[in-house]
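Notes follow once the structure below has been shown.
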Amino acid sequence: MNKSLLLRLVLVIVAVVGITFGAMAQVTTSSMTGTIKDASGALPGASVKATHTPTGSVYTVSTNADGRFTIGGMRVGGPYTVEVSFVGYKPAKLSDISLKLGEPYLVNLVLVDNSSTLAEVKVVGQGTNSILNSNKNGTSTVIGKQQIQALPTISRSVNDLTRLTPQANGTSIGGGNYRSNNFTVDGANFNNQFGIGQNIPAGGSPISIDALEQISINVTPYDVRQTGFTGGSVTAVTRSGANTFSGNAFYTMRTEDNQGKRIGDTFRIQNIQPLDEKNYGFSLGGPIVKDKLFFFVNYEKKHTVEAGTQRLAGTPSYPYSTDNPNVVPATASFMNEVSSYLNTRYGYQTGPYDGYQNVSDNEKMFARLDWNISKNHRFSVRYNQVESQSPSPASTSVTNSGVTGTLAYLNSRSGNGRDAGLPFYNSNYYQAANLYSAVAELTSNFGSRITNVARATYSHQNDPRNSDSAPFPLVDILDGTQTTANAGRVLTTFGYEPFTYGNLRDVKGYTYSDDLSIALGKHNLTLGLQAELSTTKNGFQRFGTGFYTFRSWNDFITNQRPLQYSVTYPLTADGSQAFPSFKFAQYSAYLQDEFTVTDRLKLTAGLRVEQATYPDASEIQTHPLVAAQTFANGKKVDTGVLPENTLSYSPRFGFNWDVMGDRSLQVRGGSGIFTGRVPFVWVVSQSSDAGLLQYLQVYSGANTPFFNPSIAPNLLTATRPAAGTSIPGTISVMSPDLKFPQTWKSSLA
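Under my numbering, residues 1231 to 1979 are what the sequence shown spells out, in order.
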């Protein structure tokens, strides 16, 4: 089969496969490029052989008519050895080469003819300067395995590593909000796509740092393969096994004794809270079949026990006063009475009110297989999961405050002030943060010119909330000092946390990508297709078990009418909770040319085109009463309309100029458009807040119902409105003209 026919065949396969499936992939490999010459000029047809020493993976190409060569789809890291040979010339050998993620390694050699007395030309440690590099044009920082292992980190989080880039400040990169970054591992999406919580899922620690081979932080990458951000792109690749077995294990612990007790020379910290944190794990990698099949596994767990609330109920010997700042107005005898009454009267367990501990866990597992199918084809598959859960105090929000007829509190339900309320333990909640991810990648080299990287990924972000409480209405008990201006102060709270019942954030994503690189003389073309399909499901039924406010404890036990009551009704036919969901898809195509104009000047130009669509958003419907309203400035709002499916264009250009010809002075830079994402919570809130799936009602005054411990959805059937017959107090809509955010970035160095 001739090269022309092979090229056509590969292009057809890529086009068909790329259109059929989908992806949100990033760069996961490295490459090697350069020129082989003799004393007279270029050497066409010279053999270049690169060997990944740890695994025996071999990459072989021949130079073109200009003596140039390019090897794509190479493993990140090393060490590599490179052997160059040509008939009539002494072979040349380079060793101890390490490849960086997404950065081509430059190898320029001059071979010596056989008349020389040298048996072989050996170059040890010839490197590509990380700054004076002809293949670099944008702003980026690459962190290798050795740095990752050596850097101090208490949280063992990727966020500790990204701080090494000068353009990063905490989780902000390039001046952008943390939600404007894009984080991928082996090309799989590791972003908090839902948009609530930390910048990356699983509590900000979605993978063990011991499983990472390299991390690349990019502020202005002019490579069109990188997308999904307006701040910065964080791309990581994971470790793989080698021909020799290797591993490590660790155990760390931290207690209150490890914490500082002084600030300066004079101030001494009092009452340091108890802490017991244990973190342990191991890694192991090695061969299954030498030079062919390798494995790498990693496990890590963190278990933390720390003090719960620092507030205490008052006792005769330790009363509520300015001398005891941790003591709140609620007394221990009062709290015991409340707990005993609820258990006797309703069979409800409140849990303790002070002196308890908070326990959180984070468990990570990782496994990877690498298969050298042949010298031209390599396959890898890996799986990663994180399951974590951490406790939090009851929310301080009272969203019915401000509704006509309702009164505001004078203090916080669970704040830190000495006048704050003292909720029972079972009114707190747990936030789970789970992430499951899988990647399969096939890298193929077709002759000396064509490299193809096909990748399929799966990710599942699952962040439910739960509670130790049995389903029971949330109740705030006030101190009985109500006036016409305020409701008084909260003494205690019991029942199910107001925003936890049925709370769920669930995003599943399936992706596919295919990158094809073709070396054509001085041009290195890259073209690809990407697509992504995700399903988002959300549960947010505020006050789903009901929420009562009583003026005093006496009003509660004597069955007086509460001050106010709130409840969110599901408007489903059977009364079950509604879980709004939608499907999102994004398709991308891109083309890029790296043009080596001369040995001193290299240009990169490319264009990326993306289209976002919503293949299934059937739950996003028009509310007829809302559509009939006219808002400020004559604005009309339709809850059933999503933004139009418009195309986004991201042209980019970069250059690298060796001014003096010896890499002592280099000018590099570029300019381009970068397209980001929108948080999925914006989309799903349009259906959940439209008043068609669920409805929040607030009662006050004479209309407030008496306390009922039942949370049955038909408790107040007579007052529950039918879907679309009442306008909700809060509506969330996106403008039909909303487009994915874009930013224009330029750099010069």
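Note that the Cβ used here is the ideal one computed from N, Cα and C, for glycine as well. Remember, predicted model here, so these are calculated numbers, not experimental data.
By the Cβ neighbour-count rule, Glu1874 is exposed, with fewer than 16 other Cβ atoms within 10 Å of its own. Spanning the alpha carbons of Gly1836 and Asp1804 requires a straight line of approximately 54 Å.
For the options Ala1562, Met1565, Gly1544, Ser1563, the alpha carbon positioned closest to that of Asn1556 is the one of Gly1544. Annotation: the continuous beta strand (DSSP E) that includes Met1262 extends over 1260-1268. By the criterion of a C-beta distance shorter than 6 Å, Tyr1817 is surrounded in its chain by Ala1761, Gln1841, once the five residues flanking it on both sides are discounted.
The count of Cβ pairs closer than 8 Å, one atom from the region 1914-1934 and one from the region 1891-1901, stays below three, leaving the stretches out of contact. Considered as a whole, the region 1544-1587 harbours 1557-1561 as its complete beta strand (DSSP E) runs of no fewer than 3 residues, in chain order. For Asp1829, DSSP records no beta bridge to any residue.
In the DSSP annotation of this structure, the continuous segment of the beta strand (DSSP E) that includes Gln1972 starts and ends at 1972-1978. Shown here, Val1839 sits in a strand according to DSSP, grouped into three states.
The residue among Thr1392, Tyr1550, Lys1323, Lys1531 with its C-alpha nearest the C-alpha of Glu1507 is Lys1531.
The residue among Pro1274, Asp1744, Ala1472 with its C-alpha nearest the C-alpha of Pro1309 is Ala1472. Within the DSSP secondary-structure output, Gln1924 pairs in a beta bridge with Pro1800.
Where Asp1390 is concerned, the enclosing alpha helix (DSSP H) starts and stops at 1388-1392. Non-local C-beta neighbours of Leu1331 in its own chain, meaning closer than 7 Å and more than five positions away in sequence, comprise Val1257, Ser1260, Val1306, Val1372, Gln1444, Ser1446, Thr1465, Val1467, ordered along the chain. Excluding five sequence positions before and after Leu1833, the CB atoms of its chain that fall closer than 7 Å to its own CB belong to Phe1825, Val1827, Phe1885, given in chain order. Separation of the CB atoms of Val1889 and Thr1869 is rounded to 59 Å, and the pair is thereby denied contact status at 8 Å.
For a cut-off of 8 Å, the C-beta gap from Phe1904 to Lys1969 is around 14 Å, too long to register as a contact. Looking at Gln1377, Leu1381, Gln1456, the one whose alpha-carbon comes closest to that of Asp1416 is Gln1456.
Here the C-alpha atom of Ser1385 lies approximately 12 Å from the C-alpha atom of Pro1436.
Assignment of Pro1728 by DSSP, reduced to helix, strand and coil, places it in the coil class.
Counting along the chain, Val1519 sits inside no alpha helix (DSSP H); it lies in the beta strand (DSSP E) bounded by residues 1505-1519. Following the DSSP letters along the chain, one finds Asn1528 inside the beta strand (DSSP E) bounded by residues 1523-1537. Check the Cα spacing between Gly1581 and each of Val1913, Arg1685, Thr1722, Gln1503: the tightest is with Thr1722. Here DSSP, grouped into helix, strand and coil, assigns Ser1918 to helix.
In summary, Met1483 is exposed, with fewer than 16 beta-carbon neighbours lying within 10 Å of its beta-carbon over all protein chains present.
Under a 10 Å Cβ-count criterion, Ala1847 is classified as buried, with 16 or more other Cβ atoms of the shown protein chains found around its own Cβ. Taken in chain order, the complete beta strand (DSSP E) segments of 3 residues or longer contained in the region 1419-1458 are 1442-1448. The beta-carbon distance between Gln1661 and Ser1622, rounded to whole angstroms, is 6 Å. This is short enough to meet the 8 Å contact definition. Take Gly1302, set aside five residues on each side of it, and the residues of its chain with a beta-carbon closer than 6 Å to its own are Ser1261, Thr1681, Ser1747, in chain order. The region 1691-1750 contains, as complete beta strand (DSSP E) runs of 3+ residues, the segments 1704-1708, 1720-1724, 1734-1750 (chain order). Three or more beta-carbon pairs separated by less than 8 Å are not found between the region 1313-1329 and the region 1702-1718, which leaves the two stretches without contact.
Counted as a single uninterrupted DSSP element, the alpha helix (DSSP H) harbouring Gln1379 occupies residues 1375-1380. Across the set Tyr1778, Val1839, Gln1771, Lys1767, the C-alpha of Val1839 shows the shortest separation from the C-alpha of Gly1758. Contact annotation: Gly1462 and Val1449 have beta-carbon atoms nearer than 8 Å. Here Glu1536 really is in contact with Pro1504; their C-beta atoms are around 7 Å apart, less than 8 Å.
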